[in-house]
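Trainee: For reference, the structure I am asking about is given below.
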DNA sequence: AACAATGGGTGTAATTGGTACACAATTGTA
DNA sequence: TACAATTGTGTACCAATTACACCCATTGTT
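Chains as they are written, first to last, in my numbering: chain A, 507 to 759; chain B, 507 to 759.
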């Protein structure tokens, strides 16, 4: 629980720095050991977990704000970040509006009103990110998509909306550049797709289709050390990848 | 040009009623005589045109706000309305921020700061809409997509983003229910698709595909009076249409 | 009344793309 | 060196899309 003083100090600062009524929440996806991960924060005061979020400075583009928030939580700058929906129910953060109502005047509490939140989702390299808690959280860490803790506020809705959007995105845009290491094998990339989509794909058809997009470079090396046939390594052809991002892929999964 | 008094009165009211910093802009599409139309407003003070817009009341869900704004401009309630992007550049409405700076104090002018605008697009029945100007506009009317006037602020960006989104939407969602009259012919529906996509489609393949979606009812009547063979009339099967909206269509154009 | 012109309704062959497999090749281990 | 597991490549089949051809209904013209 924050003390009255801590909250007053934060509120004064926030009022000076940020736009009222507007927040940003980020759903940050990572990929590790064949599992999809989401970055989450364990609240100091409450039982539940939240998505990383923040506010928009008075003179700051919203995309820059989202980037700044993400950089503060992960140490990574300039990642793939996508606006996907605004969450604007007047009651969506009532829980937080009222939390400190008995120890501090409403006018002095930055949180004591409605926030309209702009949802972003991000795809980041698991190994580059250094999860860093904010002042209201005791833990910031990756949570497995199959083992999510209870959410605070409407963050479960924000999360599921982001996941749905990501799955749809997969149908007509290439993904993976921000989630995979520089060099990877086809089965590894397939794992990523299967994890996001939540279903198995045919190994052979996946490979043919993926190569058909023309966004991969086949490298001469293979991934040795596995207990079986060594698969070839691939990297993304960044130029074609960017082009595919703009123009879209042919069809869906 | 508004007088000082008018602006002061509006500002006082607005400050009491609406959230600061947040606005809504709507791109309203209609369809008439084989042409795609957009609802636009001619400013009283300025040379350019704007999209219909408004603000969010202090306790009002944003989707309700968008609906209210649209109802005020068209008389139509409860239309197909879709959030598509937030426009959050700090300078996007500088033009309006500074407009009255010489006649009224910044603190008293509701417009004298940044607005983050939530973009919605809407598809409405051309004949049901009664374009109604707001207090800052002298004209509210449909403009042809091929003959658009100069835009104010960043409304051209908002418009083109909406159009791009609508075109993408077309690939995996049924549209038309909100744009066509109750009964229509297949060639008429095809015109709509061709207009949105900006390209010709094959008459016969269009028909087969459209029918394949199972969202149309073939009516026994034909459209008499034309100079040629009378085409059959169709109506949308609302139940299947709604289902297709949720589940999406198979693939794109 | 015959006929051309125009637009609408329906069918079909060719092509493309996706799905479901089979089989050979490679690697580490027993 | 045989074996299990996994990867690389090929192919037959089915479904969807595309590109057509042909016929029908209506109107205006002669």
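C-beta: ideal position from N, C-alpha, C; glycine also.
Just the C-alpha distance for residue 660 of chain A and residue 598 of chain A, rounded to the nearest angstrom, thanks.
Mentor: Residue 660 of chain A and residue 598 of chain A: Cα-Cα distance of roughly 6 Å.
Trainee: At a cut-off of 7 Å, is residue 701 of chain B close to the ligand COA when judged by its beta-carbon and the heavy atoms of the ligand?
Mentor: The ligand COA is not among the ligands present in this structure, which contains no ligands whatsoever.
Trainee: Taking a cut of 9 Å between CB atoms, which residues from the segment 623–647 of chain A lie near chain B?
Mentor: Against chain B - using a Cβ distance shorter than 9 Å - the residues of the segment 623–647 of chain A are 624.
Trainee: Counting contacts by CB-CB distance shorter than 8 Å, is residue 675 of chain B in contact with chain A?
Mentor: Output row for residue 675 of chain B: interface = no.
Trainee: Based on the DSSP secondary-structure assignment, which residues constitute the bridge partners of residue 677 of chain A?
Mentor: Bridge partners of residue 677 of chain A: none, in fact.
Trainee: Between residue 744 of chain A and the rest of its own chain, which residues show a CB-CB distance below 6 Å, the 5 nearest in sequence each way excluded?
Mentor: No residues qualify anywhere along the chain.
Trainee: Name the chain A residues whose beta carbon is nearer than 7 Å to that of residue 527 of chain B?
Mentor: The answer, in chain order, is 525, 526, 527 and 528.
Trainee: Spell out a yes or no on whether the segment 578–595 of chain A and the segment 629–647 of chain A are touching, meaning 3 or more CB-CB pairs, one atom from each, closer than 8 Å.
Mentor: These segments touch.
Trainee: Against residue 680 of chain A, what residues of chain B qualify as contacts under a CB-to-CB distance less than 9 Å, listed in chain order?
Mentor: Under the 9 Å cutoff, chain B gives no residues; its nearest Cβ is about 16 Å from residue 680 of chain A.
Trainee: Contact between the segment 556–572 of chain B and the segment 546–560 of chain A: three or more CB pairs below 8 Å?
Mentor: Result no; under three Cβ-Cβ pairs closer than 8 Å.
Trainee: Roughly how many angstroms lie between the CA atoms of residue 636 of chain B and residue 685 of chain B, to the nearest whole one?
Mentor: Cα-Cα distance, rounded: 15 Å.
Trainee: Three-state secondary structure (DSSP) at residue 665 of chain B?
Mentor: In this structure, residue 665 of chain B counts as helix in the three-state DSSP scheme.
Trainee: Pairing CB atoms from the segment 735–751 of chain A with CB atoms from the segment 533–540 of chain B, are three or more of them under 8 Å?
Mentor: Cβ pair count under 8 Å is below three, so no.
Trainee: Helix, strand or coil for residue 683 of chain B, going by three-state DSSP, please let me know.
Mentor: If DSSP states are grouped into helix, strand and coil, residue 683 of chain B belongs with coil.
Trainee: If we define contact as Cβ-Cβ less than 8 Å, is residue 596 of chain B a contact residue for chain A?
Mentor: So yes, residue 596 of chain B belongs to the interface.
Trainee: Identify the contact partners of residue 565 of chain A in chain B, using a Cβ-Cβ distance below 7 Å as the criterion.
Mentor: Per Cβ cutoff of 7 Å: 596.
Trainee: So, is residue 545 of chain B buried or exposed, given that buried needs 16 or more other C-beta atoms within 10 angstroms?
Mentor: Classification for residue 545 of chain B: buried.
Trainee: Tell me the rounded alpha-carbon separation between residue 725 of chain A and residue 692 of chain A.
Mentor: For residue 725 of chain A and residue 692 of chain A, the distance between alpha carbons rounds to 11 Å.
Trainee: Mind pulling the chain A residues with CB within less than 7 Å of residue 589 of chain B?
Mentor: Those within 7 Å of residue 589 of chain B in chain A are 591 and 592.
Trainee: Can you find the residues in the same chain that come closer than 8 Å, C-beta to C-beta, to residue 688 of chain A, ignoring five residues on each side of it along the sequence?
Mentor: Answer for residue 688 of chain A: 741, listed in chain order.
Trainee: Can at least three beta-carbon pairs, one atom from the segment 676–684 of chain A and one from the segment 563–578 of chain A, be found at a separation below 8 Å?
Mentor: Too few Cβ pairs lie closer than 8 Å, so no.
Trainee: Taking the Cβ atom as the reference point for each residue, do residue 485 of chain A and residue 549 of chain A lie within a distance shorter than 8 Å?
Mentor: Residue 485 of chain A is absent from the model: chain A starts at 507 and stops at 759.
Trainee: Rank B:509, B:603, B:694 and B:732 by C-alpha distance to the C-alpha of residue 621 of chain B and give the top, closest one.
Mentor: Residue 621 of chain B has its Cα closest to that of B:603, out of B:509, B:603, B:694 and B:732.
Trainee: Residues of chain B with CB under 7 Å from residue 568 of chain A, in chain order?
Mentor: Those are 592, 594 and 622, listed as they occur along chain B.
Trainee: To the nearest angstrom, how far is it from the Cα of residue 697 of chain A to the Cα of residue 672 of chain A?
Mentor: When rounded, the distance between both Cα atoms is 16 Å.
Trainee: What is the DSSP secondary structure of residue 704 of chain B, counted as helix, strand or coil?
Mentor: Residue 704 of chain B falls in the coil class under three-state DSSP.
Trainee: Write down the C-beta distance between residue 619 of chain B and residue 527 of chain B rounded to the nearest angstrom, noting that I regard them as a contact closer than 8 Å.
Mentor: Contact flag correct, Cβ pair sits at about 7 Å.
Trainee: Evaluate residue 615 of chain B with the Cβ neighbour count: other Cβ atoms within 10 Å of its Cβ, from every protein chain shown; 16 or more gives buried, anything less gives exposed.
Mentor: By the 10 Å Cβ count, residue 615 of chain B comes out buried.
Trainee: Which of the three DSSP states is assigned to residue 753 of chain A in this structure?
Mentor: Helix.
Trainee: Looking at the structure shown, is residue 525 of chain B part of a helix, part of a strand, or coil, going by DSSP?
Mentor: Reduced to three states, the DSSP call for residue 525 of chain B is strand.
Trainee: Let me make sure I understand the geometry here. Which of B:540, B:522, B:508 and B:520 has the alpha-carbon closest to that of residue 700 of chain B?
Mentor: Looking at the Cα atoms, B:540 is the closest of the given residues.
Trainee: Where does residue 699 of chain A fall in DSSP's three states?
Mentor: Of the three classes helix, strand and coil, the one that applies to residue 699 of chain A here is helix, per DSSP.
Trainee: Go to residue 649 of chain B, then tell me how far its beta strand (DSSP E) extends in each direction, as first and last residue.
Mentor: From DSSP, the beta strand (DSSP E) with residue 649 of chain B extends over 643–650.
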